[in-house]
Amino acid sequence: MSHELAIEINSLLAALILLTSFGLLVQRRVYGLLHIFAWQGVFLSVSTAIVGYSAGLNHLYISAAMTLVIKVFALPYILYVLIHKLRIKKEVEDMVNIPTTMLIGIAVVIFSYHLTAPIRELSTLMTRSTLAVALSTVLLGLLMMITRKKAVTQIIGFLALENGLFFAATSATYGMPLVVELGVALDILIAAFIFGMFFFQIRTSFDSLDLKEMEKLKDLD
Amino acid sequence: MTNSSSSIIVECLQVATVVFLAPLFTGWVRLLKCRAQARTSAGLLQPYRDIYKLFFKEVALAENASWIFRFTPYMVFGATVMAGAIIPVISTRAPLSATADIIALVAIFALARFFSALAGMDAGTAFGGMGSSREMMVASLAEPAMLMSVFTISLVNRSTSLSQMTHVIVNSPIMLRPSLAFALLAFALIAIAETGRIPVDNPATHLELTMIHEAMCLEFSGRHLALIEWAKGIKLLLFASLGIALFAPWGMATGGTLQSLVISYVTLTAKLAVIGVAIVLIETRLAKMRIFRVPEFLGAAFLLATLGMLSYFMLE
Amino acid sequence: MPFFSPLPLAFSSIVIFLMMAGLALLLQNRQTFLVNMAFFLSTVSCGIGLYAGFEAVASGSMQTMIMPIGLPDLPFYIRVDALSGFFLSLASLTGLMVSIYSFDYVKGILSARKATKLVVFYCLFMAGMLLVLISDDAYFFMSSWELMALSSFFLVSFEDESAENRRAAFLYILIAHIGAVMILLSFGILAGFAAGFENFMGYRFSAMRSAEPGMLWASIAFFLAFFGFASKAGVVPLHVWLPEAHPAAPSNISALMSAVMLKIAIYGILRVCMDIIGVQVWWWGGVVLVIGLITAVMGILYALMQVDIKRVLAYSSVEHVGIITVGIGLSMIFTSFELRMLAALALTAALYHCLSHSVFKSLLFMAAGSVLHSTGERNMERLGGLIHKLPWTSALFLVGALSIAAMPLFGGFVSEWLTFQAFLLSPVLPNALLKILFPLGAALLALTAALSARCFVKVFAVTFLGQRRAVPTTETHEAGMSMRLAMSIAAISSLALGLFPSFVIDWIDTVPQSLVKGRIASSAGAFGWMWLTPISAERASYSAPIVFIGIFAAVAVAWLAFHGKKAATRRSATWDCGFEKMTPRMQYNSTSFAMPLRRIFGFLFVVSESVRTSHAQPGSAPRIRYSLRIEDRLWYVFYKPFSDAAYYLAKQANRLQHGRMQIYLLYSFITLITLLVFA
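Residue numbers (the numbering used here), protein chains in the order written: chain A, 254 to 474; chain B, 406 to 721; chain C, 90 to 768.
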């Protein structure tokens, strides 16, 4: 695989990651969200592996494998089980309507592009052009957490945000040190479990997973 | 803007191909669809028989239909045929290709739609108006997405001239371009909306509440209906060819030699066959959307086209 | 200076108008003669003006003159150059058509009221607009501007018995004056920096051109002038007067206001912002571009929601002013980056759109006028099926509708196509952020164009097609001869503008050359008059004549082949789905046609919709009343607070009023003392 081809494939994967971020932003069904999230993990993992291959950094292979295991299989599975047990069947409710969310999303991407333009000028890495995508993924994940009402979609937004951070690390500096990445991966896994327990707790307290219910906490005391 | 006798022959050949093969393509799609849904099909040539039969049927005009109603089928047909002369279908060097770039081409389709919508309102029924109103809604929301998609392609090719765009892609090395991939996806969604296929509109339905295009054309009969149906077939073929010309023109003749034309026909047939399969896959897998989901569908098309534009600047 | 050159001719055209205004007062008692005479002279005078303007643009030369009249030591300066020549010919061309139209139209009014006032102010209005175009100093410009504003105020309030018209006229004059004050302030800044704030010598435009006010003051002058003129052009959010005033005026005046007066405001923007001040930084153009886009989209969305045919046209004028402003904004941005050719392309697009908008909008207003004339009805919900009664008007309206909807082969398309080309060339800009934002602007413009098509399908179909929705109150009759003639001229011009763009672009070319120092005619017409290739043939090309011939040939072949006698044609009742009691009221009407968009874009408006069901008698079918109110959200944001504040202040000031003489004298006394102490 030549260097140019690696760059092209990496760009394509970055584009696909951006697409999946938008997919998460506009998808209405909970299971659909999980699928898109899993796909994002796949692209992320392949991208990491390709960067590792062409930059000759072996620890990126481990990161890629870890991403594949945790983000493509483990986390979606945990969430799947969670959703199944909580019997969430309804479509995802959003606070802002979808076309507006899309337009805000586009604005966010343009903003990230503008913000990362100076870095792109300075950097010499092959992945420098994907930095804007990485930043947009982070911001879009955050946007998703803002615009959705239900707790489950919020955790997916949070995980997407983490994907963006991971991607940013890869594209800005060819990845974080392995120890850090291992730590983060473990954190996320544990976070998912804790979130799961929280959901059960929230539901038993409020009979709903709608975060609007949390507003009532203010009135309790 | 080249004028040689061979290119004029190519042009005539192309128009004839588009006009006379369009029902065949429609027949192909219907045949595949029947097979996919385990029904017996009426055969590949049924659209020809339908059109032929309609030309000999009596025209029933509503009492207060005006000349607009009688003129519309001819106008729609004429504009669609003109579009067929502009889009490079079998050769990148068809002389009429230069008469309109892709923006003007979209406007020529819009001209045909303008008249169909007027005709829909002419008879004075509720259905016609409903069809016109909905058709114009779909069209007006598809337009920004279409322009964005065109913009993305023109960024890559540095042109909006159809023959030039095709030429650039044929002559440049194959590259993985995320921008073009997004533009293609967006274009596919827009083409579905523009040609009135599932999930936006169902060309086979005559159920009152779900019709869009059909409601608009409900009052036509006889030769008028034949022309409208024929033009609709041509339009479907043209959007498929437009997609081919913009995104996968490989194999298309760049000159006027006999050999290249033969290759062009063979590849065109193969590509159209594949597109037919794709249409049928989409149509059998998806259900028709509610009318007010269509804006979201077209919003997605716009989003994809915009992502294409953004990824051109960000990643390429 | 030979007499048959642009400036003397333009001047004599104005003199004829002013003379006629005076003469009209003497002919009060012979109304028919007055109308014939006035509009004959007006036609002649517009012909002269058209020639003068055409010559000025074609030659690209400049003529100046100092008038002996004016204030002491401050004579009036006049000048005709390519830019004013362009707008001169635009105004005269439209004036010509409207004058011909007015022969029969105004005679139709005579039975109801005298036309003296209309004639006088019509002449003053035309004269005022032409004077604005030739004036070359701030005093003369402002006086002409006021002449134009005041005479049009009286025209808006011509039918002054209805309170609605009076209110429209008041709103109009109010906003016109806010605009005028802004323009005046801008001139003040420029004149001050040109020749010092102590004397008045900076009032000439040529002196202002040499002023160097520095970045801050230049920006202030630029935006004061831009918003001042924008308020006259109907740019959002300063557009509220336009949909009130234009429909209130008689239709020939509406045509003039929409087609010409708005363009005079555009001329003002070009003259002051681009010529006198000059574009110095790109974000000026950026602001203009964004405002233009908002105006275009909002204008057409408002237009879609209307049911009054003249209000639709007025709102669509807002949209088209937006499109023109977009072109100007693009041109400013390209100029600031020294991309001369692209600036010329965008400016040509804007000018072309000015011209074609003038033609098709006057056509549409004239046709709407003849609908109003023959049916007495402006509300589309009560119209329908007029194509059978008004074959001429309907066919000509269709040409206008196709043109305004930017359908190929008609005038509106060429200019929008050129604007899109200018947008699509944005990747050459050096600014990365602009490169990305431009396509989004182009997408908004595409949305506008598509919505405009939708809007005019609605207007034409609801007014002319189907069946009449309400029982006619008067005998419906076709428009008079002169009205048809005028509309035909407009329709033919519109078609010509669509079919032969290279000639027009070649003619206009001197304007961008003088304003942005770039030209496109040589590249646009590089392949002969049949082809339009704005930048190069590889980039984009369009050949209107060939497309026209192609479509025409295809239609003709289809007609000849299939319209034979093979099968009979039968007239039968409209299919009613087996429901036997179908009435014309069951047709789609304007409100229902616009419903999907009301649902999608409703959040931009204040929409209150209600359905009330009531039972007249027990057992009878329920009566259903549907009511819909659509209000301008911007009214509540930009106007309501100010009007409330003004009302509050007025009420507070009212406390000073007591009605007793002594108290008023006391006020004077206190004022005098205060002045003596502090002055």
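All C-beta atoms, glycine included, are put in the ideal place defined by N, C-alpha and C.
Where residue i sits in the DSSP three-state scheme
i                 : result
MET154 of chain C : strand
THR702 of chain C : strand
THR658 of chain C : strand
VAL368 of chain C : coil
PHE589 of chain C : coil
THR672 of chain C : coil
ASP595 of chain C : helix
THR407 of chain B : In this prediction, THR407 of chain B has a pLDDT of 48, which is less than 50 and means its spatial position is unreliable; nothing more can be read from the coordinates.
LEU345 of chain C : helix
GLY648 of chain B : helix
PRO164 of chain C : strand
GLU769 of chain C : Residue 769 of chain C cannot be examined here, being either before or after the span of chain C that is shown, 90 to 768.
GLY159 of chain C : strand
LEU116 of chain C : coil
MET218 of chain C : helix
LEU442 of chain A : helix
GLY704 of chain B : helix
Buried/exposed call for residue i, threshold 16 Cβ in 10 Å
i                 : result
PRO430 of chain A : exposed
PRO157 of chain C : exposed
SER447 of chain C : buried
TRP330 of chain C : buried
THR424 of chain C : buried
ARG744 of chain C : exposed
ASN288 of chain C : exposed
Contact set for residue i: own chain, Cβ-Cβ below 8 Å, skip 5 residues either direction
i                 : result
VAL124 of chain C : SER191, PHE192, VAL195, LYS196, LEU199, ALA204 and VAL208
LEU449 of chain B : LEU429, GLY432, TRP433 and LEU436
LEU473 of chain A : Per-residue confidence for LEU473 of chain A stands at a pLDDT of 49, beneath the threshold of 50, marking its modelled position as unreliable; the derived number appears in the next sentence. For LEU473 of chain A, where only same-chain residues beyond five positions count, there are no Cβ hits under 8 Å.
Cβ shell of residue i (< 6 Å), same chain only, five flanking positions each side left out
i                 : result
SER665 of chain B : ALA658
GLY291 of chain C : ALA280, ALA283 and ALA284
LYS321 of chain C : GLY268 and ALA354
VAL696 of chain C : ILE719
VAL362 of chain A : SER389
Interface residues of chain A facing residue i [CB-CB closer than 8 Å]
i                 : result
ILE422 of chain C : The premise fails here: ILE422 of chain C is roughly 17 Å from chain A at the closest Cβ pair, so nothing lies under 8 Å.
PHE718 of chain B : TYR366
THR711 of chain B : ILE359
Chain-ordered chain C contacts of residue i [CB-CB under 9 Å]
i                 : result
LEU614 of chain B : None at all; the shortest Cβ gap to chain C is about 13 Å.
ALA370 of chain A : ALA521 and LEU522
Check: residue i C-beta below 7 Å from any heavy atom of the ligand NAP
i                 : result
THR658 of chain C : As for the ligand NAP, it is missing from this structure, which has no ligand bound.
Contacts of residue i in chain A (Cβ-Cβ under 7 Å)
i                 : result
PHE701 of chain B : Reading off the sequence shown, one finds Glu at residue 701 of chain B, where the question assumed Phe. By Cβ distance, chain A contributes ILE351 and PRO352.
PRO549 of chain B : Those do not exist, as PRO549 of chain B stays about 11 Å from chain A at its closest Cβ, beyond 7 Å.
Chain-ordered neighbours of residue i on chain B, where CB pairs are closer than 8 Å
i                 : result
GLY474 of chain C : ASN469 and GLY529
Close Cβ partners of residue i (< 7 Å) along its chain, the five nearest in sequence each way excluded
i                 : result
VAL646 of chain C : none
MET551 of chain B : VAL511 and ILE595
MET186 of chain C : SER451, ALA575, ILE578 and ALA579
Partner residues on chain F for residue i, Cβ-Cβ distance less than 8 Å
i                 : result
ILE363 of chain A : The chain labelled as chain F is not found among the protein chains of the depicted structure, namely A, B and C.
Count the C-beta pairs between the segment 613–628 of chain B and the segment 638–649 of chain B that are closer than 8 Å, then say yes if the count reaches three, no if not. No contact exists between the segment 613–628 of chain B and the segment 638–649 of chain B.
Inspect the CB distances between the segment 323–338 of chain A and the segment 371–382 of chain A and report whether three or more fall short of 8 Å. The segment 323–338 of chain A makes no contact with the segment 371–382 of chain A; the number of CB pairs closer than 8 Å stays below 3.
Quick check: the segment 235–243 of chain C against the segment 210–219 of chain C, are at least 3 beta-carbon pairs closer than 8 Å? Segments in contact, yes.
Between the segment 664–679 of chain B and the segment 516–527 of chain B, do three or more beta carbon pairs fall short of 8 Å? Judged by Cβ distances under 8 Å, the segment 664–679 of chain B makes no contact with the segment 516–527 of chain B, as fewer than three pairs qualify.
Are there three or more Cβ pairs, one per stretch, closer than 8 Å when the segment 359–370 of chain C is compared with the segment 300–316 of chain C? The answer is yes - the segment 300–316 of chain C touches the segment 359–370 of chain C, with three or more Cβ pairs under 8 Å.
Can we say the segment 384–397 of chain C touches the segment 543–552 of chain C, given the rule of at least three CB pairs closer than 8 Å? Yes, the segment 384–397 of chain C is in contact with the segment 543–552 of chain C.
If we count Cβ pairs, one from each stretch, closer than 8 Å, do we get three or more for the segment 496–514 of chain B versus the segment 557–567 of chain B? Using a C-beta cut-off of 8 Å, the segment 496–514 of chain B makes contact with the segment 557–567 of chain B, since at least three inter-stretch Cβ pairs fall below that distance.
Quick check: the segment 589–605 of chain C against the segment 168–179 of chain C, are there 3 or more CB pairs under 8 Å? In the pairwise beta carbon analysis, the segment 589–605 of chain C is classified as touching the segment 168–179 of chain C: at least three pairs are separated by under 8 Å.
At least three beta-carbon pairs within less than 8 Å, the segment 452–466 of chain C to the segment 523–536 of chain C: The answer is no - the segment 523–536 of chain C does not touch the segment 452–466 of chain C, with fewer than three Cβ pairs under 8 Å.
Does the contact criterion of 3 or more C-beta pairs under 8 Å hold for the segment 692–703 of chain B versus the segment 604–618 of chain B? Contact holds between the segment 692–703 of chain B and the segment 604–618 of chain B, because three or more Cβ pairs, one in each stretch, are under 8 Å apart.
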